[in-house]
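Engineer:
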Amino acid sequence: MRLLALCGSLRAVSSNGAALLAAALLAPVGVEVAAYEGLAGLPPFNPDLDTDAPPAAVVALRQAVGASDGLLISSPEYAHGVPGALKNGLDWLVASLEFHDTPTILISTSPSSIHAPAQLREILTTMSARLVEEAFVTLPLRGRPLDAAAIAADPELSTALAGGLARFAAAIAAEPRADR
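If you use the working numbering, the sequence shown corresponds to residues 1109 to 1288, in order.
The structure is reproduced here in C-alpha coordinates:
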(Lines of atoms letter the chains of each structure in order from A and count residues from 1; the text may use other names and numbers.)
(Lines give C-alpha, C1' and ligand atoms only; values in the text may rest on other atoms or scores of the structure.)
Protein backbone atom coordinates (compact mmCIF):
# COMPACT_ATOMS: atom_id res chain seq x y z
CA MET A 1 0.00 0.00 0.00
CA ARG A 2 1.39 3.40 -1.00
CA LEU A 3 0.32 6.59 0.77
CA LEU A 4 1.21 10.06 -0.46
CA ALA A 5 1.99 12.73 2.14
CA LEU A 6 1.11 16.36 1.34
CA CYS A 7 2.55 19.00 3.65
CA GLY A 8 0.79 22.36 3.63
CA SER A 9 3.87 24.11 4.97
CA LEU A 10 6.64 25.18 2.62
CA ARG A 11 9.07 25.78 5.49
CA ALA A 12 12.27 23.74 5.42
CA VAL A 13 11.66 22.74 9.04
CA SER A 14 8.03 22.46 10.05
CA SER A 15 6.09 20.43 12.59
CA ASN A 16 3.72 19.35 9.81
CA GLY A 17 6.58 18.04 7.71
CA ALA A 18 8.07 16.31 10.76
CA ALA A 19 4.73 14.65 11.50
CA LEU A 20 4.52 13.31 7.96
CA LEU A 21 8.12 12.04 8.07
CA ALA A 22 7.31 10.38 11.41
CA ALA A 23 4.30 8.76 9.72
CA ALA A 24 6.71 7.19 7.24
CA LEU A 25 8.74 5.81 10.15
CA LEU A 26 5.65 4.47 11.95
CA ALA A 27 3.70 3.12 8.98
CA PRO A 28 2.36 -0.42 9.37
CA VAL A 29 4.22 -3.25 7.70
CA GLY A 30 3.45 -3.24 3.99
CA VAL A 31 2.59 0.47 3.95
CA GLU A 32 4.92 3.00 2.32
CA VAL A 33 4.52 6.73 2.97
CA ALA A 34 6.05 8.89 0.23
CA ALA A 35 6.39 12.66 0.60
CA TYR A 36 5.19 14.86 -2.24
CA GLU A 37 7.86 17.55 -2.61
CA GLY A 38 6.49 19.60 -5.51
CA LEU A 39 3.92 21.89 -3.85
CA ALA A 40 6.09 25.03 -4.12
CA GLY A 41 6.72 24.39 -7.82
CA LEU A 42 3.10 24.30 -8.90
CA PRO A 43 1.97 27.27 -10.98
CA PRO A 44 -0.96 29.29 -9.67
CA PHE A 45 -4.16 27.48 -10.60
CA ASN A 46 -5.58 28.75 -13.88
CA PRO A 47 -8.36 26.85 -15.66
CA ASP A 48 -6.96 28.11 -18.98
CA LEU A 49 -3.84 26.01 -18.33
CA ASP A 50 -5.82 22.91 -17.33
CA THR A 51 -5.99 21.51 -20.83
CA ASP A 52 -5.10 18.15 -22.37
CA ALA A 53 -1.47 19.18 -21.77
CA PRO A 54 -1.32 20.86 -18.32
CA PRO A 55 2.01 22.12 -16.90
CA ALA A 56 4.54 19.37 -16.13
CA ALA A 57 4.40 20.05 -12.38
CA VAL A 58 0.63 19.49 -12.44
CA VAL A 59 1.04 16.24 -14.38
CA ALA A 60 3.58 15.06 -11.78
CA LEU A 61 1.19 15.88 -8.90
CA ARG A 62 -1.69 14.08 -10.56
CA GLN A 63 0.47 11.06 -11.34
CA ALA A 64 1.67 10.91 -7.73
CA VAL A 65 -1.92 11.02 -6.48
CA GLY A 66 -3.01 8.44 -9.04
CA ALA A 67 -0.21 6.09 -7.99
CA SER A 68 -1.20 6.29 -4.32
CA ASP A 69 -3.79 4.35 -2.38
CA GLY A 70 -4.47 7.26 -0.04
CA LEU A 71 -3.38 10.73 1.05
CA LEU A 72 -2.04 12.05 4.34
CA ILE A 73 -2.38 15.82 4.63
CA SER A 74 -0.77 17.86 7.39
CA SER A 75 -1.10 21.61 7.25
CA PRO A 76 -0.57 24.61 9.45
CA GLU A 77 -3.29 27.17 9.94
CA TYR A 78 -2.43 30.62 8.60
CA ALA A 79 -4.75 33.53 9.47
CA HIS A 80 -7.55 31.07 10.32
CA GLY A 81 -7.21 29.29 7.00
CA VAL A 82 -5.49 26.82 4.72
CA PRO A 83 -2.12 27.97 3.38
CA GLY A 84 -2.30 29.21 -0.19
CA ALA A 85 0.22 26.72 -1.58
CA LEU A 86 -1.82 23.75 -0.32
CA LYS A 87 -5.09 25.21 -1.59
CA ASN A 88 -3.42 25.82 -4.96
CA GLY A 89 -2.31 22.18 -5.11
CA LEU A 90 -5.79 20.98 -4.24
CA ASP A 91 -7.29 23.28 -6.89
CA TRP A 92 -5.13 21.54 -9.51
CA LEU A 93 -6.67 18.23 -8.38
CA VAL A 94 -10.33 19.29 -8.49
CA ALA A 95 -10.99 18.12 -12.04
CA SER A 96 -8.41 15.35 -11.86
CA LEU A 97 -9.63 11.83 -12.47
CA GLU A 98 -6.73 10.62 -10.31
CA PHE A 99 -8.13 12.29 -7.19
CA HIS A 100 -11.78 11.18 -7.15
CA ASP A 101 -12.63 8.86 -4.21
CA THR A 102 -9.10 9.01 -2.79
CA PRO A 103 -9.02 7.94 0.87
CA THR A 104 -7.64 10.89 2.83
CA ILE A 105 -6.74 11.70 6.43
CA LEU A 106 -5.69 14.88 8.15
CA ILE A 107 -2.84 15.01 10.62
CA SER A 108 -2.99 18.16 12.72
CA THR A 109 -0.01 19.32 14.75
CA SER A 110 -1.88 21.84 16.88
CA PRO A 111 -5.02 21.07 18.89
CA SER A 112 -5.86 24.81 18.83
CA SER A 113 -6.06 24.85 15.01
CA ILE A 114 -9.71 24.51 14.15
CA HIS A 115 -10.28 26.68 11.09
CA ALA A 116 -7.83 25.08 8.63
CA PRO A 117 -8.92 21.51 9.43
CA ALA A 118 -12.57 22.53 9.02
CA GLN A 119 -11.78 24.21 5.71
CA LEU A 120 -9.84 21.18 4.53
CA ARG A 121 -12.77 18.90 5.38
CA GLU A 122 -15.08 21.15 3.34
CA ILE A 123 -12.68 21.43 0.40
CA LEU A 124 -11.88 17.72 0.31
CA THR A 125 -15.54 16.71 0.62
CA THR A 126 -16.40 19.03 -2.26
CA MET A 127 -13.60 17.42 -4.28
CA SER A 128 -15.06 13.93 -3.65
CA ALA A 129 -12.27 12.70 -1.41
CA ARG A 130 -13.14 9.77 0.83
CA LEU A 131 -12.38 11.19 4.27
CA VAL A 132 -11.48 8.46 6.75
CA GLU A 133 -12.25 10.54 9.83
CA GLU A 134 -11.74 7.71 12.32
CA ALA A 135 -8.06 7.81 11.32
CA PHE A 136 -7.56 11.58 11.69
CA VAL A 137 -4.80 12.41 14.18
CA THR A 138 -4.07 15.49 16.26
CA LEU A 139 -0.59 15.70 17.72
CA PRO A 140 0.19 18.39 20.33
CA LEU A 141 3.43 19.64 18.73
CA ARG A 142 2.94 23.40 19.08
CA GLY A 143 5.94 24.83 20.90
CA ARG A 144 7.74 21.48 20.80
CA PRO A 145 10.55 21.55 18.24
CA LEU A 146 10.57 17.81 17.53
CA ASP A 147 11.90 16.20 14.39
CA ALA A 148 10.47 13.03 12.88
CA ALA A 149 12.69 10.72 14.92
CA ALA A 150 11.73 12.45 18.17
CA ILE A 151 8.03 12.21 17.31
CA ALA A 152 8.42 8.51 16.48
CA ALA A 153 10.30 7.96 19.76
CA ASP A 154 7.75 9.74 21.94
CA PRO A 155 5.35 7.10 23.38
CA GLU A 156 2.24 9.34 23.36
CA LEU A 157 2.82 10.85 19.93
CA SER A 158 3.92 7.62 18.26
CA THR A 159 0.98 5.68 19.66
CA ALA A 160 -1.48 8.27 18.35
CA LEU A 161 0.15 8.50 14.93
CA ALA A 162 0.72 4.76 14.48
CA GLY A 163 -2.87 4.10 15.56
CA GLY A 164 -4.24 6.56 13.02
CA LEU A 165 -2.13 5.03 10.27
CA ALA A 166 -3.27 1.52 11.19
CA ARG A 167 -6.94 2.61 11.09
CA PHE A 168 -6.32 4.34 7.75
CA ALA A 169 -4.62 1.32 6.19
CA ALA A 170 -7.42 -0.96 7.44
CA ALA A 171 -10.08 1.33 5.95
CA ILE A 172 -8.29 1.39 2.60
CA ALA A 173 -7.87 -2.40 2.60
CA ALA A 174 -11.55 -2.85 3.44
CA GLU A 175 -12.71 -0.54 0.67
CA PRO A 176 -10.08 0.02 -2.06
CA ARG A 177 -10.42 2.90 -4.51
CA ALA A 178 -12.88 2.18 -7.28
CA ASP A 179 -10.19 2.61 -9.96
CA ARG A 180 -7.91 -0.07 -8.42
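Each residue gets a CB set at the ideal place from its N, CA and C atoms; glycine is no exception. Please read these numbers as outputs of a predicted model, since none were measured by experiment.
Would the beta-carbon of GLU1206 fall within 8 Å of that of VAL1173?
Structural biologist: yes
Engineer: What do you get for ILE1222, buried or exposed, if any count of 16 or more other CB atoms within 10 angstroms of its CB means buried?
Structural biologist: With fewer than 16 other Cβ atoms within 10 Å, it is exposed.
Engineer: Quick one: complete beta strand (DSSP E) runs, 3+ long, within the stretch 1126-1172?
Structural biologist: 1140-1143
Engineer: Grab me the residues of MET1235's own chain with a C-beta within less than 6 Å of its C-beta, minus the 5 sequence neighbours each way, in chain order.
Structural biologist: Counting only Cβ-Cβ distances below 6 Å, and skipping sequence neighbours, we find VAL1202.
Engineer: Under DSSP, the beta strand (DSSP E) around LEU1214 begins and ends at which residues?
Structural biologist: Taken as a continuous stretch (DSSP letters only), the beta strand (DSSP E) holding LEU1214 covers 1211-1216.
Engineer: Who are the Cβ neighbours of GLN1227 in its own chain at under 8 Å, not counting the five residues just before and after it?
Structural biologist: GLY1189 and VAL1190
Engineer: From THR1159 to PRO1151, what distance separates their C-alpha atoms?
Structural biologist: 14 Å
Engineer: For ARG1119, which of helix, strand or coil comes out of DSSP?
Structural biologist: coil
Engineer: Which complete alpha helix (DSSP H) runs does the stretch 1173-1231 hold, if anything under 4 residues is left out?
Structural biologist: 1192-1201
Engineer: Taking 8 Å as the threshold (C-beta atoms), are LEU1247 and ALA1164 in contact?
Structural biologist: no
Engineer: By the 10 Å Cβ neighbour count, where 16 or more other Cβ atoms means buried, how is SER1220 classified, buried or exposed?
Structural biologist: exposed
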